[in-house]
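In the numbering used here, the protein residues as written are 46 to 120.
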């Protein structure tokens, strides 16, 4: 189901804002290019807000966790 008018899609593609690359491809490319760089981090006050310890994941760790979550959903 496409919810965006074709004219808007054509404009965004022409401007280079939209393409064929998926979010999964972007994640894997970035993880391959800079596996040890910080990708995501909890707020320092996570414990006060939600409990638990604040976490920080590199791109390699994020790609691994996303891959495992996708495998569970696929199964």
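Glycine is no exception: its CB is placed at the ideal position from the N, C-alpha and C atoms.
Worksheet entry | Same chain, Cβ closer than 8 Å to residue 81, neighbours up to 5 away in sequence not counted | Cβ within range, chain order: 103, 104 and 105.
Worksheet item: chain B beta carbons: is any one of them nearer than 9 Å to that of residue 49?
Response: Checking the listed chains, one finds no chain B in this structure; it contains a single protein chain.
Fill in: Exposed unless 16 or more other CB atoms sit within 10 angstroms - verdict on residue 108
Residue 108 comes out buried.
Worksheet item: Where residue 97 and residue 91 are concerned, what is the direct C-alpha to C-alpha distance, given to the nearest angstrom?
Response: Rounded to the nearest angstrom, the two C-alpha atoms are 7 Å apart.
Discussion item. Using C-beta distances below 7 Å, list every residue in its chain close to residue 84, excluding the 5 sequence neighbours before and after it, in chain order.
Written reply: In the same chain as residue 84, and ignoring 5 residues on each side of it, the C-beta atoms closer than 7 Å to its own belong to 102, 103, 104 and 107, in chain order.
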